[in-house]
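Residue numbers (the numbering used here): 797 to 1256. Since the structure comes first, as structure tokens, the remarks are kept for the end.
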């Protein structure tokens, strides 16, 4: 009996998915659990698996096309089974792109690959970590498969072809999005490298090693400025929205419009934080922590004393949490994603440091599992590393507040009648006034300030 292949909800918030790449061709034998295709959800690249045994008789969606959850995208059946009724139910047979051009099923993969090469920055995407382990690419990007499938120049039918690494299911070069970006910036030929990632995928360390070997520079050295970009034709380019960008647009529209938001800004002294960090570093690299690690620990600890801020607005009630699950905003090439540091208040600074680094890596490689980016009770966004002094962040519903962290900088201050230079940190808290009043937010920031300016209380 034929098995329908549907676009499945591969993440809790997924409403539609973009089929990045078919992993099986029509006519290939498949077993239940086999990976049929890679699908870009709103957060990561996941594998769509077979739910029955047989032969992949029909692929109903072209590579790069998006479909809502629940729509038929393929059919698995025995070689001689009649599937005409299923194809009629699907409204046709061939994948849209191939059907329009009268292309045969055997030609579809090649055509899809050609379309991908014409897309600015489009490239193959790594699998989700839920199916494969090890380092892959940056987020997903992960950014990789999240790239637009179609780019049109304003005065052209399509954008000028951009140089891309070879692609394919078998013999093509597989590489992470971060690796491709670094290779472009440093002039490394991906075709000449052997990847050390899973399945031979080229990853960041392979590019760094190749760059170091070619110019004698340290692997960590990176150009301050981006390499010149190829000239583009036409007056403009239209980029197809990725699933993560669609979700960001929808979620933020739900936030800043209907939520009555107010902002509280405070500035804290970091001198004691710096003293503590230097003392910890002297104990060895395994004790080294960043200012951000200390700040996350301080936020988590302060939230335990102010559960009214560690809360969700649920329309007819406010849910205050007894556990602190801290969302940590991570910028990726495709947009912002917020992995979650669960029970952050119960973790040491060293544990927070290690876990945040790992979550950020998985986020940029688009390899986060759904359970790693859902369930936060409060979020922190830090743009200090980009030289931003101060900014306001948009609340991530249903959370009731978010903390925006600027850069730490030296400032001249008057202390006991003398001018001294002190390192200061400015933060801004966005609050949902339906759940958090000004005085409530201010008391939380006062507690946070005491933690930051007296960090030893967090390790006592």
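Even for Gly, the Cβ is constructed at its ideal location relative to N, Cα and C.
### Task
State the Cα-Cα distance for the pair residue 843 and residue 864, rounded to the nearest angstrom.
16 angstroms
### Query
If you run the structure through DSSP and keep just helix, strand and coil, what is residue 1228?
strand
### 6 angstroms CB neighbourhood of residue 923 in its chain, flanking five on each side removed
Because residue 923 carries a pLDDT of 37, less than 50, the predicted location of this residue cannot be relied on, and the following value inherits that uncertainty. 843, listed in sequence order.
### Message
What would DSSP say about residue 951, mapped onto helix, strand or coil?
### Response
Residue confidence for residue 951 is low, a pLDDT of 36 falling below 50, so the modelled location carries little weight; the figure read from the coordinates is stated next. Coil, per DSSP.
### Query
Are the stretch 1123 to 1130 and the stretch 1094 to 1101 in contact at 8 angstroms, needing three or more beta carbon pairs?
no
### Distance, residue 1069 Cα to residue 1150 Cα
18 angstroms
### Message
I need the straight-line Cα distance from residue 846 to residue 866, nearest angstrom please.
### Response
15 angstroms
### Spatial neighbours of residue 800 in its chain, beta-carbon cut-off 6 angstroms, leaving aside the 5 residues before and after
868
### Query
Where residue 816 and residue 971 are concerned, what is the direct C-alpha to C-alpha distance, given to the nearest angstrom?
15 angstroms
### Query
Within the present structure, is the beta-carbon of residue 1157 separated from the nearest heavy atom of the ligand COA by less than 6 angstroms?
In the structure on display, the ligand COA does not appear, and there are no ligands present to speak of.
### Query
So, residue 826 versus residue 853, is the Cβ gap smaller than 7 angstroms?
no
### Query
Out of curiosity, what's the CA-to-CA distance linking residue 806 and residue 855?
19 angstroms
### Query
Using a Cβ-Cβ cut-off of 7 angstroms (strictly less than) and excluding sequence neighbours within five positions of residue 1085, which residues of its own chain qualify?
1073, 1076, 1145, 1146 and 1149
### Task
Give me the Cβ distance between residue 1067 and residue 1207, rounded to the nearest whole Å; I'm assuming they're in contact under 8 angstroms.
Wrong, their Cβ atoms sit about 11 angstroms apart, outside the cutoff.
### Query
First and last residue of the alpha helix (DSSP H) that includes residue 1244?
1234 to 1249
### Query
In or out: residue 1202 buried (at least 16 other Cβ within 10 Å) or exposed?
buried
### Query
Within 10 angstroms of its Cβ, does residue 1079 collect 16 or more other Cβ (buried), or is it exposed?
exposed
### Task
Rounded to whole angstroms, what's the CA-CA distance from residue 880 to residue 1054? Just pull it up for me.
48 angstroms
### Query
Do the CB positions of residue 1135 and residue 1092 come within less than 7 angstroms of each other?
no
### Task
Express the C-alpha separation of residue 974 and residue 945 in angstroms, rounding to a whole number.
Note that residue 945 scores 37 on pLDDT, short of 50, meaning its location in the model is unreliable and no value can be drawn from it.
### Message
Counting C-beta neighbours from all protein chains within 10 Å, is the total for residue 1106 16 or more, i.e. buried, or is it exposed?
### Response
buried
### Task
Decide if residue 1302 is buried, meaning its Cβ has at least 16 other Cβ atoms within 10 Å, or exposed.
There is no way to answer for residue 1302, as the model of the chain reaches only from 797 to 1256.
### Task
Output the distance between the C-alpha atoms of residue 1046 and residue 1133, rounded to the nearest integer angstrom.
14 angstroms
### Query
When you compare only the Cα positions, how much space is there between residue 1155 and residue 1138?
11 angstroms
### Task
Note down the Cα distance separating residue 1065 from residue 1234, rounded to an integer number of angstroms.
23 angstroms
### Query
So what does residue 1147 bridge to, in DSSP terms?
Residue 1147 is not bridged to any residue.
### Message
According to DSSP, simplified to helix, strand and coil, what is residue 980?
### Response
helix
### Query
Among the residues of its own chain, which have a CB less than 6 angstroms from the CB of residue 1215, if the five just before and after it don't count?
1208
### Task
Pick helix, strand or coil for residue 1169, following the three-state DSSP scheme.
coil
### Message
So, at 6 angstroms on beta carbons, what are the nonlocal neighbours of residue 1158 in its own chain, with the 5 sequence-adjacent residues on each side left out?
### Response
1164
### Message
Rounded to whole angstroms, what is the Cα-Cα separation between residue 1170 and residue 808?
### Response
8 angstroms
### Beta-carbon proximity of residue 1003 to residue 979, cut-off 7 angstroms
yes
### Message
With H, G and I counted as helix, E and B as strand and the rest as coil, what does DSSP make of residue 1106?
### Response
coil
### Message
Please identify the residue among 1199, 811 and 1239 whose C-alpha is closest to the C-alpha of residue 1039.
### Response
811
### Task
Classify residue 1040 as helix, strand or coil using the three-state DSSP reduction.
helix
### Beta bridge counterpart(s) of residue 1064 as assigned by DSSP
1221
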